[in-house]
Structure formats: C-alpha cells, structure tokens
Amino acid sequence: MTNGACYPEVGPLAAHPRGSLLIRSVRPYGEGAPVNVLIEDGRIVNMSAPADQTADNVLDAAGGVLLPGLVDMHVHLREPGREDTETIATGARAASRGGFTAVFTMANTTPVTDQPIIAEGVWAKGQKLNLCDVHPVGAITKGLEGASLTEFGMMARSQARVRMFSDDGVCVDNPLIMRRALEYARGCDVLIAQHAEDARLVAGGCAHEGPMAGRLGLPGRPRTAEEAIVIRDALLARDFGNRLHICHVSSAGTVELLRFAHAQKIPVTSEVTPHHLLLTDEPLDRFDGALRVNPPLREASDAEALCQALLDGDIDCVATDHAPHGAEEKCCDFEHALPGMLGLETSLAIIARLFVEPGLADWRFVARVMSERPAEIVRLPGQGRPLAVGEPANLAVIDPDSPWTVQPDQLASKSKNTPFAGMTFNARVTATVLRGKVTHRLGNDS
Ligand SMILES: [Zn+2]
1 MTNGACYPEV GPLAAHPRGS LLIRSVRPYG EGAPVNVLIE DGRIVNMSAP
51 ADQTADNVLD AAGGVLLPGL VDMHVHLREP GREDTETIAT GARAASRGGF
101 TAVFTMANTT PVTDQPIIAE GVWAKGQKLN LCDVHPVGAI TKGLEGASLT
151 EFGMMARSQA RVRMFSDDGV CVDNPLIMRR ALEYARGCDV LIAQHAEDAR
201 LVAGGCAHEG PMAGRLGLPG RPRTAEEAIV IRDALLARDF GNRLHICHVS
251 SAGTVELLRF AHAQKIPVTS EVTPHHLLLT DEPLDRFDGA LRVNPPLREA
301 SDAEALCQAL LDGDIDCVAT DHAPHGAEEK CCDFEHALPG MLGLETSLAI
351 IARLFVEPGL ADWRFVARVM SERPAEIVRL PGQGRPLAVG EPANLAVIDP
401 DSPWTVQPDQ LASKSKNTPF AGMTFNARVT ATVLRGKVTH RLGNDS
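Residue 429 in UniProt numbering sits at position 429 of the sequence shown, and the numbers go up by one each step.
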C-alpha cells in the first residue's frame with residue numbers, strides 16, 4: 001500500500017504513546033480562520049474541533065500556519081564515523097526544530113552505508129530517538145569508489161527499507177557504472193540520486209568559476225561540470241532507466257537541461273538547496289570558509305533562474321544538503337575548508353523569505369516543495385500527506401511573523417558552520433509533530 005491510510009513499506013517504527021493532542025488555533029496552509037485540530041493515536045481525527053475540546057496534550061499555535069511535516073531528501077548526519085561533528089541524535093533534534101518529520105541521510109559515512117547492517121543501524125537509532133524518521137540513503141557503489149555497485153535489493157529489503165541510492169559527495173563519473181545503476185534500480189524500483197559534478201572538471205576547484213573567483217585567484221568549478229553530467233545521466237535514464245534524481249541543482253544551464261528532459265518525458269526530478277537560492281559568490285571576498293560548498297555558490301543570474309524554476313516546477317523540491325563540519329575544518333583558508341554548510345534549522349525561514357513574504361507563492365507552495373514532492377519522489381508513505389481527517393499527524397506549525405536572528409551557538413546541530421549566522425528571518429517553526437507526538441516546541445526543547 002502506498003496511500004496514506006497506513007504506514008507500510010518503511011522499516012519497523014518505534015511504538016508511539018497512544019493518546020490525544022489538540023492543536024489549538026492554527027490555520028491549515030495559512031488559509032482561512034484558525035481552527036482546532038484534534039489528533040488521536042497519531043492521526044488527524046477532527047479539523048474543526050470545538051474550543052472546549054479536551055485532550056491529553058494541548059499545543060496553542062496562536063493562529064500560526066499548519067503544514068504537513070517537512071521532508072528533506074538530502075542531509076548528512078555524519079553517524080557512523082564523524083560523531084564529533086554531528087550524530088543522529090543532534091541531527092534529528094536539528095531536523096525537528098526545523099519542522100522536519102523525515103530526513104534522508106547520505107551514505108558518505110565511515111564506514112560507508114553500502115551494506116544492509118549499516119543502514120539498519122542508522123534506521124534503528126533514528127526510531128529509538130523518535131524525533132524524526134531518519135532514512136539511510138544507500139551508496140550506489142561500494143565504498144563510494146565508483147567501481148562496483150552495492151546490493152540495492154538487499155538494502156531495499158532490509159529493515160531500513162532503503163529507497164534511495166546516492167554516492168553524494170562524489171559524482172558517479174563512469175557512464176557505464178551509471179547505466180548499470182539505473183538498470184539495477186529499475187528492477188528494485190528504487191531512486192538513484194546523482195551528485196552531478198564531473199570530477200575531472202572540478203579537480204582542485206573551490207569556488208564557482210566566474211569573475212569573482214578570477215579576481216580572488218581561487219581555482220574554479222565551472223557550471224559545465226554539473227551540466228555535462230546532468231544531460232549525460234538524463235539520456236542514460238531515457239534509454240536504460242529508471243527514475244533519476246539530480247541533487248542540489250546550482251546553475252541556470254542545468255535548469256534549461258531539466259526543461260529539455262521534461263519535454264522529452266524523461267523521468268528526471270531535482271532538488272535545490274536554500275543556500276543556492278539565497279546566496280551568490282559575491283561575498284567570497286570575505287574568504288569565509290562557511291561559504292565553501294559543492295557545487296559552489298554561483299552568480300545572481302543562476303540564483304534567479306533557480307528560484308524561477310522552483311516556482312515553475314522545473315525543479316521539484318527543496319533539500320538542505322545539511323552538512324556539518326567541525327570548526328577546525330572550516331576556519332582554515334578558503335581553498336582548504338571542507339565543502340558544506342548547515343541547513344536544517346534555517347531552511348523553512350529562507351523559503352518563506354524568498355517566496356511567501358514577497359507574495360511570489362503561498363504556503364501551499366511551501367508544503368509542496370518541502371514536504372509533498374520530496375515524499376512523492378522517494379515514494380515515502382505517511383509523509384507529505386494532505387492536512388485532512390484520517391491522515392497521519394506529521395505536522396509543522398509556523399509563526400510567519402516572529403523575527404529571529406540565526407545564532408550558531410543556539411542551534412541544535414553539533415557543528416556551527418552556517419553561512420546565515422547573524423541574519424534575521426521572519427518565519428519560525430514553533431512546533432513539530434511526528435505521528436501525534438510533539439517533537440519540538442519553541443522554548444521548550446531540551
Ligand atoms: Zn552533493
């Protein structure tokens with residue numbers, strides 16, 4: 001079953017306490033007058049409960065916006081292996097604070113998530129914490145070495161029910177390996193997600209190859225490196241394949257290629273990060289390691305094209321690419337800072353600023369690009385569902401007008417490498433609910 005009437009086809013879920021929760025005074029999708037939403041045993045049972053409704057727990061949303069719980073297809077929680085920078089516990093806490101009820105954590109751990117037992121360990125830890133469903137992404141190739149495929153079928157059938165495979169962090173460069181991966185994935189009906197950067201074209205580069213990097217003398221990573229892989233893989237998906245997902249689209253040219261692929265009915269989906277939508281390479285002259293990321297921040301014309309593509313649906317969804325790094329890995333010179341930045345606790349606020357606040361889109365758009373589409377792409381039951389009676393109570397409550405400033409030391413994430421430090425945003429996630437359990441309540445987090 002893949003409809004919202006049950007929660008099958010995910011690994012064993014932690015037992016949830018039975019009982020009721022009343023979310024008082026909340027506006028589904030930010031529309032209409034506030035209503036009271038009653039949840040029983042993990043499901044929405046009444047979307048217009050009376051004001052004097054009693055419940056085991058009450059959450060006063062003060063007229064805030066109610067959205068389906070957010071789903072992030074792309075995070076790095078660093079466990080196993082780099083628990084000094086993030087753990088499943090700190091990452092899941094950051095996710096719940098950001099409004100997320102499900103995240104997909106990439107396979108570039110140590111050891112690499114290329115076997116069922118490693119994936120099962122990640123899934124079980126997430127369920128024990130019960131803050132957010134933490135789905136492990138399986139590696140496409142053993143050890144992320146790009147040479148031989150992992151056992152997709154065994155990981156898909158494991159208790160972790162791995163449904164997405166990616167070598168993210170590195171590109172699957174070899175076209176024959178990519179072809180075989182797409183063919184294998186078709187048989188198991190799993191998703192292949194590509195980190196599209198041709199390794200030879202980006203070798204040694206640390207910044208977008210453009211006028212700014214030229215002026216600063218930084219070695220470049222050209223748009224071509226991304227675009228060449230995107231079109232190659234789209235053609236492989238057309239002729240051999242299955243569904244293909246492009247991670248963190250960063251260039252205006254890639255948007256054109258996605259339009260071409262969609263016009264040919266090639267089953268390609270894609271994601272964009274909040275940082276590629278909001279930031280450009282302009283502030284690189286500060287040489288701030290927090291701005292180092294792969295693919296790199298590009299020019300204003302790229303960011304504009306990405307925003308428009310998300311509005312038009314050419315890019316399907318937002319994913320954070322939340323990538324914690326220790327301070328010592330980020331404070332060295334720009335060229336040697338490790339690529340990646342935090343994203344889980346700031347993404348909703350950034351999307352609201354870029355699209356809702358200027359009136360370019362409404363909260364239904366946010367629900368689509370941050371919850372419904374990612375859940376559909378990964379075929380994840382029970383998440384990204386409509387706000388309706390009978391649906392699982394995976395929810396996020398947002399105060400759209402509660403200005404707050406990003407202070408790294410107040411983030412739940414174990415690392416502090418955010419390029420948004422000191423920036424003030426209006427929208428804030430005030431509560432998150434996972435199958436009826438409150439996993440985040442602003443001001444009340446432990
Ligand atoms: Zn990546």
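Note that beta-carbon positions come from the ideal geometry of N, C-alpha and C, so glycine has one too.
- Looking at THR346, GLY217, ASN242 and GLY253, the one whose alpha-carbon comes closest to that of GLY98 is THR346.
- In this structure, ASP167 is the residue among ALA147, PRO28 and ASP167 with its C-alpha nearest to the C-alpha of VAL75.
- LYS125 carries a helical assignment under DSSP once its states are collapsed to helix, strand and coil.
- Between the alpha carbons of LEU216 and ALA337 lies a gap of roughly 16 Å.
- The distance from the Cβ of MET341 to that of ASN417 is about 6 Å, consistent with a contact at the 8 Å cut-off.
- The Cβ neighbour count for GLN383, taken over all protein chains shown within 10 Å, is at least 16; the residue is labelled buried.
- Note on GLN410: under 16 other CB atoms within 10 angstroms of its CB, so exposed under the neighbour-count rule.
- Your pair SER20 and ALA55 checks out as a contact, with CB atoms roughly 4 Å apart and the cut at 8 Å.
- DSSP, reduced to helix, strand and coil, places VAL162 outside both helices and strands of the structure shown, so it counts as coil.
- Near ligand 1, meaning a beta-carbon closer than 7 Å to one of its heavy atoms, we find ASP168, GLY169, HIS195, CYS247, HIS248, ASN294 and ASP321.
- Restricted to the stretch 330-355, the alpha helix (DSSP H) segments that are unbroken, complete and at least 4 residues in length are 347-351, listed in chain order.
- In terms of Cβ geometry, ASP114 and ALA147 do not form a close pair [threshold 8 Å].
- Counting along the chain, ALA261 sits inside no beta strand (DSSP E); it lies in the alpha helix (DSSP H) bounded by residues 252-263.
- VAL10 sits away from PRO374, with the two beta carbons spaced by 8 Å or more.
- For HIS276, there is no enclosing beta strand (DSSP E); the residue is part of the alpha helix (DSSP H) that begins and ends at 274-278.
- By the Cβ test, the stretch 170-188 is not in contact with the stretch 258-270, since fewer than three Cβ pairs between them sit closer than 8 Å.
- Beta-bridge pairing by DSSP links GLY30 to no other residue.
- When DSSP states are grouped into helix, strand and coil, ALA367 belongs to the helix group.
- Judged by their CB atoms, VAL366 and LEU306 are not nearer to each other than the 8 Å cut-off.
- By the beta-carbon neighbour count (other beta carbons within 10 angstroms, threshold 16), CYS331 is exposed.
- Taking the Cα positions, ALA361 is about 24 Å away from ARG298.
- Going by DSSP, ILE266 is part of no alpha helix (DSSP H) at all; its letter is neither H nor E.
- Taking C-alpha positions only, THR110 is separated from ASP173 by approximately 21 Å.
- Within the DSSP secondary-structure output, LEU22 pairs in a beta bridge with LEU38 and VAL58.
- The beta carbons of MET164 and VAL433 sit no closer together than 8 Å.
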